[in-house]
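Colleague:
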Amino acid sequence: MKNSNPANIIASACEALSSTGKEAAGNIISTEYPHQEVSNAGRKYNEFQSTEIFIRDGFIDRFSGEKLIFPPVLRLLSQELPEEFPFHPNWKMSECHIAYWKLFPTVDHLIPVARGGPDEASNWVTTSMVLNSAKSNWLVEELNWTLHPPGNTSNWDGLLSWFLKYVNLHQEILGNPYLKRWYKAAIRAENA
3 MKNSNPANII
13 ASACEALSST
23 GKEAAGNIIS
33 TEYPHQEVSN
43 AGRKYNEFQS
53 TEIFIRDGFI
63 DRFSGEKLIF
73 PPVLRLLSQE
83 LPEEFPFHPN
93 WKMSECHIAY
103 WKLFPTVDHL
113 IPVARGGPDE
123 ASNWVTTSMV
133 LNSAKSNWLV
143 EELNWTLHPP
153 GNTSNWDGLL
163 SWFLKYVNLH
173 QEILGNPYLK
183 RWYKAAIRAE
193 NA
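Residues in the sequence shown are numbered consecutively from 3, following the numbering used here.
Pasting the structure below:
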């Protein structure tokens with residue numbers, strides 16, 4: 003890029019369009035700020051892979067440095083305390099406790115898949131639902147964010163060990179398919 007400021011490039015193209023015509027404007031865009039097509043590789047991680055990433059990152063939001071909670075802990079609270087800790091199956095904000103947005107970890111791509119990033123563990127990081135939504139298809143650098151170091155599960159494990167102990171004492175909880183999938187993922191990740 004000759005002129006590295008995208009706004010200035012667009013301004014130059016608009017000036018060229020007004021004064022010289024489409025060809026000159028098109029040349030500015032195609033040489034200084036060309037469209038870059040990317041293929042979408044898709045997203046392919048499951049509860050087990052997510053749990054491995056959450057453990058690897060120490061249940062720390064890599065974009066904020068804040069602690070996060072193992073997903074089924076929040077759903078267990080909603081199952082056991084539906085009035086105090088509500089959840090909506092479609093994540094309706096007015097009907098979900100705010101913790102689902104702030105403390106629920108998810109896997110995000112450092113280089114978004116929509117921008118050609120690979121869908122593999124080396125490109126995955128743990129973040130909250132709210133920051134995942136805010137980041138969208140942007141690069142960390144484009145948002146002026148920094149990548150925080152991973153945490154250590156001996157200091158904070160996102161209540162994963164609490165969840166396993168609680169389920170072992172209350173096996174009936176495994177009647178909930180969502181909780182059962184995450185329980186199996188946690189056992190498998192701990193034994194990996």
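Glycine included, C-beta positions come from ideal geometry on N, C-alpha and C.
Flag this pair as touching only if the region 53–62 and the region 148–158 have three or more C-beta atom pairs under 8 Å; answer yes or no.
Modeller: Yes, the region 53–62 touches the region 148–158.
Colleague: Out of Q173, E143 and W103, point me to the one whose CA is closest to M131's CA.
Modeller: Residue W103 is the option with its Cα nearest to M131.
Colleague: CB-CB under 6 Å to H99, same chain, minus the five flanking residues each way: which ones, in chain order?
Modeller: Excluding residues within five positions, the ones whose Cβ falls inside 6 Å are F87 and P88.
Colleague: On a CA-only basis, which of V115, P84, L162 and A123 is nearest L141? Give me that one, please.
Modeller: Closest by alpha carbon: V115.
Colleague: Would R117 be called buried (16 or more neighbouring beta carbons within 10 Å of its own) or exposed?
Modeller: Exposed is the call here.
Colleague: Suppose you measure from the CA of H111 to the CA of P73; what does that come to, to the nearest Å?
Modeller: Those two C-alpha atoms are separated by around 18 Å.
Colleague: Please report the Cβ distance between T128 and F56, rounded to the nearest whole angstrom; I am assuming they are in contact, meaning their Cβ atoms lie under 8 Å.
Modeller: About 5 Å separates the two Cβ atoms, so the contact holds.
Colleague: What are the boundary residues of the alpha helix (DSSP H) that includes V169?
Modeller: Segment L162 to L171, the alpha helix (DSSP H) holding V169.
Colleague: With 16 as the cutoff for other CB atoms within 10 Å, does A123 come out buried or exposed?
Modeller: It is exposed - the Cβ of A123 has fewer than 16 other Cβ atoms within 10 Å.
Colleague: Looking at C-alpha atoms only, which residue of K24, A15, F50 and E25 is the closest neighbour of Y35?
Modeller: The shortest C-alpha separation from Y35 is found at A15.
Colleague: Is the distance from the Cβ of W126 to the Cβ of K69 below 9 Å?
Modeller: Cβ distance not < 9 Å, so W126 and K69 don't count as in contact.
Colleague: Mind checking if Q81 is an interface residue toward chain C, Cβ cutoff 9 Å exclusive?
Modeller: No chain C appears in the structure shown, which is made up of a single protein chain.
Colleague: Specify the secondary structure class of K137 as computed by DSSP and reduced to three states.
Modeller: In this structure, K137 counts as helix in the three-state DSSP scheme.
Colleague: Applying the criterion that 16 or more other CB atoms from any shown protein chain within 10 Å of the CB defines a buried residue, is M3 buried or exposed?
Modeller: The predicted position of M3 is uncertain, since its pLDDT is 43 and thus under 50; no value can be drawn from it.
Colleague: Secondary structure at P120, three-state DSSP: helix, strand or coil?
Modeller: Residue state, collapsed to three classes: coil.
Colleague: Less than 6 Å between C-beta atoms, sequence neighbours within five positions excluded: which residues of the same chain meet that for R190?
Modeller: F50, listed in sequence order.
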